[in-house]
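Asks: Number 338 marks the last residue of the sequence shown (my numbering); no jumps. Starting off with a structure, shown below.
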Amino acid sequence: MTSPKTPLLQVNSLTKDFVRRGISARRSTVFHALQNVSFELFERQTYALVGESGSGKSTTGKIICALEKPTSGSVVFADRNYVDDSPKLLRERIHGQIQMVFQDPFSALNPRKTIGDALVEALEIQGLGDSAKERRASATEMLERVGLPGWHMQRYPHQFSGGQLQRVNIARALVIRPKVLILDESVSALDVSIQAQVLNLLQDLKEEFSLSYLFITHDLSVVRFIADRVGVLRKGVLVEEGDAHSIFAHPSTEYTRDLLASVPIPDPQHSQLPRAHPQPPTPFQPQTN
Ligand SMILES: Nc1ncnc2c1ncn2[C@@H]1O[C@H](COP(=O)(O)OP(=O)(O)OP(=O)(O)O)[C@@H](O)[C@H]1O
Ligand SMILES: [Mg+2]
């Protein structure tokens, strides 16, 4: 196993400028969405990227997932900077290893495709599985692993609740067995009790599949429970970074203190937050949400 000191992913001096066009071409302005952002993601760890709306969290996630190119800087995975790779190379070398789950579970899935077809398609794109039968079997197995019964393979997105659909999106990301999962506000749209269930599932899956997470959120109340390290983005600049416990205990910038101040203190008697330690998976129970 790689030592925890070896970064799995290195983000180096990422800068992203967006050109905002005015009414006339001469009025265009350059907006610096990211400026010199650097951090490392270690194997089997969770790095939480936090910051207020517009601070550049999703832009960072999309660049790492190779859905967007940086203006400058590099992202190194397996000793290779891939930000300028061709779509073919990215598909072969990166998309199979780094997957992203977005906030809105509905818009991420094609409403005209069954869940089974969506999962099987993910395997086909990566050229995984020796036969259609084998791909279906892996897809069913992963769907069951995220807590949904196999017969849900035949169902369409509109037949699921938001929480169930986010499980489907997680299954679709994991069916190709990536090493890194980028979770961009992936539980933010869910009810608090459902959030806790999905977060617990994510903790269990992380152990089982030896995953590393980049957990993007503006909600610091969950970060305390799931993150090993935390990076704080403000207007595209990483203003603070460190061990999760130290950031919570001794935030060094006023911005982080303000972010923390907006977090409700959980009531341990009625806390809906996830367990601090992963536990064995529970069998599927029908959801009413
Ligand atoms: N394609 C684009 N063109 C122009 N500006 C963009 C584009 N994408 C993002 N931006 C701008 O870059 C900044 C950072 O956006 P980003 O989506 O990364 O923020 P965020 O931290 O994820 O915010 P939120 O918490 O609201 O999701 C914002 O000001 C946004 O308007
Ligand atoms: Mg965002």
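Beta carbons: idealized from backbone N, C-alpha and C, even for Gly.
As an exercise, report each continuous beta strand (DSSP E) stretch of at least 3 residues that is fully enclosed by the stretch 193-236, in chain order.
Replies: You should have 229-233.
Asks: In the DSSP assignment, find the unbroken beta strand (DSSP E) run with residue 75 in it and report its ends.
Replies: Reading the sequence shown from its first residue, position 26 is the one you call residue 75. Segment: none, residue 75 is in no beta strand (DSSP E) and carries neither H nor E.
Asks: Straight-line CA distance for residue 316 to residue 94?
Replies: Reading the sequence shown from its first residue, position 267 is the one you call residue 316. Reading the sequence shown from its first residue, position 45 is the one you call residue 94. At residue 316 the pLDDT is 46, less than 50, meaning the model places this residue with poor confidence; the figure from the coordinates comes in the next sentence. Whole-angstrom Cα-Cα distance: 27 angstroms.
Asks: Report the rounded CA-to-CA distance for residue 175 versus residue 261, giving the unit in angstroms.
Replies: For the purposes of this step, residue 175 is identified with residue 126 of the sequence shown, where counting begins at 1. For the purposes of this step, residue 261 is identified with residue 212 of the sequence shown, where counting begins at 1. Going from the Cα of residue 175 to the Cα of residue 261 covers about 20 angstroms.
Asks: Report back the beta-carbon spacing between residue 24 and residue 188 to the nearest angstrom; my notes put them in contact at under 8 angstroms.
Replies: Lying before the first or after the last residue shown, residue 24 is absent from the chain, which here runs from 50 to 338.
Asks: Following the continuous alpha helix (DSSP H) through residue 67, name the residue where it begins and the one where it ends.
Replies: Position 18 of the sequence shown, counted from the start, is the residue given in the question as residue 67. That residue, residue 67, is in no alpha helix (DSSP H); its beta strand (DSSP E) goes 56-69.
Asks: Are there 16 or more other CB atoms within 10 angstroms of the CB of residue 126, so buried, or fewer, so exposed?
Replies: Taking the sequence shown and counting its residues from 1, the one referred to as residue 126 is at position 77. So residue 126 ends up on the buried side.
Asks: If you draw a straight line from the C-alpha of residue 277 to the C-alpha of residue 73, how long is it?
Replies: As a first step, residue 277 must be located in the sequence shown, where it is residue number 228. As a first step, residue 73 must be located in the sequence shown, where it is residue number 24. Cα to Cα, residue 277 sits roughly 47 angstroms from residue 73.
Asks: Would you grab the beta carbon distance between residue 309 and residue 297 for me? Rounded to a whole angstrom, and I think it's under 8 angstroms.
Replies: To locate residue 309, count along the sequence shown from 1; it is residue 260. To locate residue 297, count along the sequence shown from 1; it is residue 248. With a Cβ gap of about 7 angstroms, residue 309 and residue 297 count as contacting.
Asks: If you run the structure through DSSP and keep just helix, strand and coil, what is residue 266?
Replies: Position 217 of the sequence shown, counting from 1, holds the residue named residue 266. DSSP places residue 266 in strand when its eight states are reduced to three.
Asks: Of all the options 107, 291, 214, 70, which has the alpha carbon lying nearest to the alpha carbon of residue 159?
Replies: Counting from one through the sequence shown, the residue named residue 159 turns up at place 110. Looking at the Cα atoms, 214 is the closest of the given residues.
Asks: State the DSSP-derived secondary structure class of residue 299, mapped to helix, strand or coil.
Replies: Counting from 1 along the sequence shown, the entry for residue 299 is found at position 250. Residue 299: coil per DSSP, three-state reduction.
Asks: Are the stretch 188-207 and the stretch 228-244 in contact at 8 angstroms, needing three or more beta carbon pairs?
Replies: At 8 angstroms Cβ cutoff, the stretches do not touch.
Asks: Kindly give me the distance between the Cβ atoms of residue 119 and residue 89, rounded to whole angstroms, as I take these residues to be in contact under 8 angstroms.
Replies: By 1-based counting over the sequence shown, the position of residue 119 is 70. By 1-based counting over the sequence shown, the position of residue 89 is 40. Their Cβ separation, rounded to whole angstroms, is 16 angstroms, which puts residue 119 and residue 89 out of contact at 8 angstroms.
Asks: Cα separation between residue 67 and residue 202?
Replies: For the purposes of this step, residue 67 is taken as the residue at position 18 of the sequence shown. For the purposes of this step, residue 202 is taken as the residue at position 153 of the sequence shown. Whole-angstrom Cα-Cα distance: 40 angstroms.
Asks: Residue 165 lies in the alpha helix (DSSP H); which residues open and close that run?
Replies: Position 116 of the sequence shown, counting from 1, holds the residue named residue 165. 164-174 is the span of the alpha helix (DSSP H), which, as asked, contains residue 165.
Asks: Which first and last residues belong to the beta strand (DSSP E) in which residue 287 is found?
Replies: Here residue 287 corresponds to residue number 238 of the sequence shown, with the count starting at 1. 286-292 is the span of the beta strand (DSSP E), which, as asked, contains residue 287.
Asks: Kindly indicate which three-state DSSP category residue 254 falls into: helix, strand or coil?
Replies: In the sequence shown, counting from the first residue as 1, residue 254 sits at position 205. Reduced to three states, the DSSP call for residue 254 is helix.
Asks: Which word fits residue 207, buried or exposed, when buried means at least 16 other C-beta atoms lie within 10 angstroms of its C-beta?
Replies: Translated into positions along the sequence shown, residue 207 becomes position 158. Residue 207 comes out exposed.
Asks: Taking DSSP as the reference, what is the three-state secondary structure of residue 110?
Replies: Here residue 110 refers to the residue found at position 61 of the sequence shown. Here residue 110 sits in helix by DSSP.
Asks: Would the C-beta of residue 151 count as close to ligand 1, meaning under 8 angstroms from any of its heavy atoms?
Replies: As a first step, residue 151 is located in the sequence shown; it is residue number 102 there, counting from the start. Residue 151 Cβ: outside cutoff for every heavy atom of ligand 1.
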